[in-house]
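Line order of the protein sequences matches chains R and U.
Residue numbering for the first sequence follows the working numbering, beginning at 1 and increasing consecutively.
Residue numbering for the second sequence follows the working numbering, beginning at 1001 and increasing consecutively.
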Amino acid sequence: MKQGIILRGKKILESIGDYTEFFKSVITNTFRRGFEWNELIRQCYLVGVRSINIVLVTGFVLGFVLTLQSQPTLKAFGAEGFVPNMVAVSIIREIGPVIISLICAGKIASGIGAEIGSMKVTEQIAAMDVSGANSIQYLAVTRILACIFMVPLLVLFADAMSLLGGYVGTNISGNMTAVLYFNKSFSSLLFSDFFPSLIKTFFFGFIIGFVACFKGFHANRGTESVGIAANSAVVSASFWIILIDALAVQLTSIFVYNQ
Amino acid sequence: METVIEIKDLKIAFNGKPVLTGINLTLCRGENLAIIGRSGEGKSVTIECIVGLLTPDEGTITVLGKDITNLDSDELKELLLHTGFLFQQSALYDSMTVRENLAFPLIRVLKISDEAEIEKRSVEALEAVGLAAAIDKMPSDLSGGQRKRMALARTLIVNPEIILYDEPTTGLDAITSKEISALIMDIRKKYKSSSIIITHDMSCAKITADRILIINEGKIIAGGTYKELENSSDPFIASFFK
Ligand SMILES: Nc1ncnc2c1ncn2[C@@H]1O[C@H](COP(=O)(O)OP(=O)(O)OP(=O)(O)O)[C@@H](O)[C@H]1O
Ligand SMILES: [Mg+2]
Chain R
1 MKQGIILRGK KILESIGDYT EFFKSVITNT FRRGFEWNEL IRQCYLVGVR SINIVLVTGF
61 VLGFVLTLQS QPTLKAFGAE GFVPNMVAVS IIREIGPVII SLICAGKIAS GIGAEIGSMK
121 VTEQIAAMDV SGANSIQYLA VTRILACIFM VPLLVLFADA MSLLGGYVGT NISGNMTAVL
181 YFNKSFSSLL FSDFFPSLIK TFFFGFIIGF VACFKGFHAN RGTESVGIAA NSAVVSASFW
241 IILIDALAVQ LTSIFVYNQ
Chain U
1001 METVIEIKDL KIAFNGKPVL TGINLTLCRG ENLAIIGRSG EGKSVTIECI VGLLTPDEGT
1061 ITVLGKDITN LDSDELKELL LHTGFLFQQS ALYDSMTVRE NLAFPLIRVL KISDEAEIEK
1121 RSVEALEAVG LAAAIDKMPS DLSGGQRKRM ALARTLIVNP EIILYDEPTT GLDAITSKEI
1181 SALIMDIRKK YKSSSIIITH DMSCAKITAD RILIINEGKI IAGGTYKELE NSSDPFIASF
1241 FK
């Protein structure tokens, strides 16, 4: 029992060490000569294309469902007119970034984890290193940066779709002109709603790319490790997204809303 | 004769299980040295230590006069320019075509940016291994033997002085295996390289090796030419040659 705890503690410390080491090597290789511009652009394209459909659909459904769900309640208080405001604020401040990032974690992190994991298992990464090429620079730096750039962009698209979804939702029962609907939505949105949530998504993007690359690069020998790498990439990335979100909510309420 | 690789008392263990318990070997310039031994005896581990993929627990490895265990990553990269490594499973970059596989080390290691030069060297390397027709294929469309050749071309394209072959003929039919063995000899002639060849395939060892070492239980237990070892009185050594 006691030994089990010691062993577990040692494992945790070791993995913190591995993460730190990997982080350091990603940072130094980001600024090293020979930056892989073409590969970065290709990765941005892949990350975007892989996830755009599901992200757009999810964004639309979020806005649509939230509208339909909140309408009866707000109606009971005679505040039906506030539905667009409420939907816009809640989705853009919180639900959009988190849900979309979690979806990206599922879609992108699993892809990267499996891809790099299989390169590790089939010794392609070793082949790069042995040839004198820089596998971290070519594989990890490009993918992590692609996630940092593309996840916020995907979230923005999803936010826009959710407003559209909300508009469609309101017009199922009521009828509100598009101009009025979007006026209401935007009038309730402050810069302080939008900006912190945008910043947050850059961190979510980093986490998705970083964790997925880490899991891939640290895959064990044997083909089953590819599945394990993909799976644990999604689990860890999702976990960190939720954790960072909790932290970010605290920070914004202290610094932005001064509460 | 000049020594290009010298390993002294190399030891390594994985999770407390010793794999190498004291390997000593030297590779001379221009020599083809074969290492044979049963599966799982640590042959791949030995050459992975030479290129810094694994870090030994104890012992020194000197490659071209440099102790590789004491190099920082830039010095190691510089040294790796002079060594080529043929992986047991070929390790081709699956997501790239044959052409891109070959261009990869040229662009990223030799920093060549001239497209015509890259094309010329790629074609040359593929011709050297008899695979010129496959330049636009994906690695997944190649047969096992073609993959080996392709991997060899990618290794040769940077003109390494030292080539480490990890089971170059395993999993190939007898005829293809002979062709690869012959190719290894051609490469030595053409590139003036020194090589370590790990193999289970005695006919490959017979064709390619100037000297053969036998590894058992983490140590080199015997060494000599094919003839010498074949006629050994030790039944274990002789058993490899039956
Ligand atoms: N990176 C590693 N981590 C843990 N164990 C390893 C590692 N590399 C090798 N081993 C273990 O070391 C032992 C020797 O492996 P190695 O691949 O060198 O065998 P080999 O002699 O090349 O065998 P084969 O002829 O089957 O290729 C095996 O038991 C293997 O499981
Ligand atoms: Mg092996």
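Where a beta carbon is used, it is the ideal one built from N, C-alpha and C, also for glycine.
To the nearest whole angstrom, what separates the beta carbons of THR1097/U and ASP1057/U, a pair I think is in contact under 8 Å?
The count along the second sequence starts at 1 and reaches residue 1097/U at position 97. The count along the second sequence starts at 1 and reaches residue 1057/U at position 57. About 40 Å; that fails the 8 Å criterion.
With C-beta atoms as the reference, is ALA1209/U less than 8 Å away from TYR1226/U?
In the second sequence, counting from the first residue as 1, residue 1209/U sits at position 209. In the second sequence, counting from the first residue as 1, residue 1226/U sits at position 226. Against a cut-off of 8 Å, the Cβ pair of TYR1226/U and ALA1209/U comes out as a contact.
Kindly indicate which three-state DSSP category THR223/R falls into: helix, strand or coil?
Taking the first sequence and counting its residues from 1, the one referred to as residue 223/R is at position 223. Coil.
Per the DSSP calculation, PRO1018/U is bridged to which residue(s)?
Position 18 of the second sequence, counting from 1, holds the residue named residue 1018/U. Answer is ALA1013/U, bridged to PRO1018/U.
Kindly examine ligand 2 and report whether one of its heavy atoms sits closer than 7 Å to the Cβ of LYS1043/U.
Taking the second sequence and counting its residues from 1, the one referred to as residue 1043/U is at position 43. Yes, ligand 2 has a heavy atom inside 7 Å of this Cβ.
In chain R, which residues lie with their C-beta within 8 Å of the C-beta of LYS1066/U?
By 1-based counting over the second sequence, the position of residue 1066/U is 66. Result: empty, since nearest Cβ-Cβ is about 14 Å, beyond 8 Å.
Please look up how many angstroms separate the CB atoms of THR1069/U and THR1060/U, rounded, as I've assumed it's under 8 Å.
Counting from one through the second sequence, the residue named residue 1069/U turns up at place 69. Counting from one through the second sequence, the residue named residue 1060/U turns up at place 60. Correct: roughly 6 Å between the Cβ atoms.
Look up ILE182/R in the DSSP assignment and say whether it is helix, strand or coil.
The residue labelled residue 182/R in the question sits at position 182 within the first sequence. The amino acid at residue 182/R is misidentified as Ile; the sequence shows Phe. Here PHE182/R sits in helix by DSSP.
May I ask you to check if the CB of GLN1088/U is nearer than 7 Å to at least one heavy atom of ligand 2?
Along the second sequence, one-based indexing puts residue 1088/U at 88. At least one heavy atom of ligand 2 is nearer than 7 Å to the Cβ of GLN1088/U, so yes.
Give the DSSP-derived three-state secondary structure of TYR1226/U in the structure shown.
Against the second sequence, residue 1226/U aligns to sequence position 226. TYR1226/U falls in the helix class under three-state DSSP.
Would you kindly report the start and end of the unbroken alpha helix (DSSP H) that includes PHE214/R?
Position 214 of the first sequence, counted from the start, is the residue given in the question as residue 214/R. 191-217 is the extent of the alpha helix (DSSP H) around PHE214/R.
Which of the three DSSP states is assigned to LEU1172/U in this structure?
The count along the second sequence starts at 1 and reaches residue 1172/U at position 172. Looking at LEU1172/U - three-state DSSP - the assignment turns out to be coil, as it is neither helix nor strand.
I'd like to confirm the pairing. Which residues does DSSP put opposite VAL1063/U in its beta bridges?
Locating residue 1063/U in the second sequence gives position 63, where the first residue counts as 1. Partner(s): ILE1005/U and LYS1066/U.
What's the gap between the Cα of VAL49/R and the Cα of PHE60/R?
Numbered from its first residue, the first sequence carries residue 49/R at position 49. Numbered from its first residue, the first sequence carries residue 60/R at position 60. Going by the C-alpha atoms only, they are around 18 Å apart.
Can you determine whether any heavy atom of ligand 2 sits closer than 7 Å to the C-beta of ASP1166/U, and answer yes or no?
Here the question's residue 1166/U lines up with position 166 in the second sequence. ASP1166/U Cβ: within cutoff of ligand 2.
What's the gap between the Cα of PRO1018/U and the Cα of LEU1213/U?
Position 18 of the second sequence holds residue 1018/U. Position 213 of the second sequence holds residue 1213/U. PRO1018/U and LEU1213/U: Cα-Cα distance of roughly 20 Å.
Which residue's Cα is closest to the Cα of ALA158/R: ILE228/R, SER238/R and LEU102/R?
Taking the first residue of the first sequence as 1, we reach residue 158/R at position 158. ALA158/R has its Cα closest to that of LEU102/R, out of ILE228/R, SER238/R and LEU102/R.
How about ILE1012/U and VAL1063/U: are their beta carbons less than 8 Å apart?
To locate residue 1012/U, count along the second sequence from 1; it is residue 12. To locate residue 1063/U, count along the second sequence from 1; it is residue 63. It is not a contact, given that the beta carbons lie outside the stated cut-off.
Looking at ALA114/R: is its Cβ nearer than 8 Å to the Cβ of ALA230/R?
As a first step, residue 114/R must be located in the first sequence, where it is residue number 114. As a first step, residue 230/R must be located in the first sequence, where it is residue number 230. Closer than 8 Å, so yes.
Taking DSSP's pairing of strands, which residues face ALA1034/U in a bridge?
Here residue 1034/U corresponds to residue number 34 of the second sequence, with the count starting at 1. Its beta-bridge partners are ILE1197/U and ILE1212/U.
Leaving out the 5 sequence neighbours to the left and right, which residues in its chain are closer than 7 Å to CYS44/R when beta-carbon positions are compared?
Working through the first sequence from its first residue, we reach residue 44/R at position 44. Contacts found: ALA146, PHE149 and MET150.
Tell me whether TYR1165/U sits in a helix, a strand or coil according to DSSP, three-state version.
By 1-based counting over the second sequence, the position of residue 1165/U is 165. Strand.
Which partner residues of GLY174/R appear in the DSSP bridge assignment?
Translated into positions along the first sequence, residue 174/R becomes position 174. According to DSSP, which records beta bridges pairwise, GLY174/R is partnered with nothing at all.
How many Å lie between ASP1201/U and ASN1032/U at the Cα?
Residue 1201/U sits at position 201 when you count from the first residue of the second sequence. Residue 1032/U sits at position 32 when you count from the first residue of the second sequence. Cα to Cα, the separation comes out at about 15 Å.
Under 8 Å, with one C-beta from each stretch per pair, do the region 1097-1107 of chain U and the region 1172-1184 of chain U reach the 3-pair mark?
At 8 Å Cβ cutoff, the stretches do not touch.
Under a CB-based cut-off of 8 Å, is SER131/R close to chain U?
By one-based count along the first sequence, residue 131/R stands at place 131. True, the Cβ-Cβ gap to chain U drops below 8 Å.
Can you name the residues of chain U whose CB is closer than 7 Å to the CB of ALA146/R?
Here the question's residue 146/R lines up with position 146 in the first sequence. Those do not exist, as ALA146/R stays about 15 Å from chain U at its closest Cβ, beyond 7 Å.
Classify ASN1159/U as helix, strand or coil using the three-state DSSP reduction.
Walking along the second sequence from the start, residue 1159/U turns up at place 159. Coil, per DSSP.
Does chain U have any CB closer than 8 Å to the CB of ALA160/R?
Here residue 160/R refers to the residue found at position 160 of the first sequence. Output row for ALA160/R: interface = no.
Where ASP193/R and THR1055/U are concerned, what is the direct C-alpha to C-alpha distance, given to the nearest angstrom?
Indexing the first sequence from 1 puts residue 193/R at position 193. Indexing the second sequence from 1 puts residue 1055/U at position 55. Rounded to the nearest angstrom, the two C-alpha atoms are 51 Å apart.
Considering only their Cβ atoms, is the gap separating VAL89/R from SER188/R smaller than 8 Å?
By 1-based counting over the first sequence, the position of residue 188/R is 188. By 1-based counting over the first sequence, the position of residue 89/R is 89. Yes, the Cβ-Cβ distance between SER188/R and VAL89/R is below 8 Å.
Can you tell me the Cβ-Cβ gap for LEU1152/U and LEU1071/U, rounded? I've got them flagged as a contact below 8 Å.
Here residue 1152/U refers to the residue found at position 152 when the second sequence is read from its first residue. Here residue 1071/U refers to the residue found at position 71 when the second sequence is read from its first residue. So it is not a contact: roughly 26 Å between Cβ atoms.
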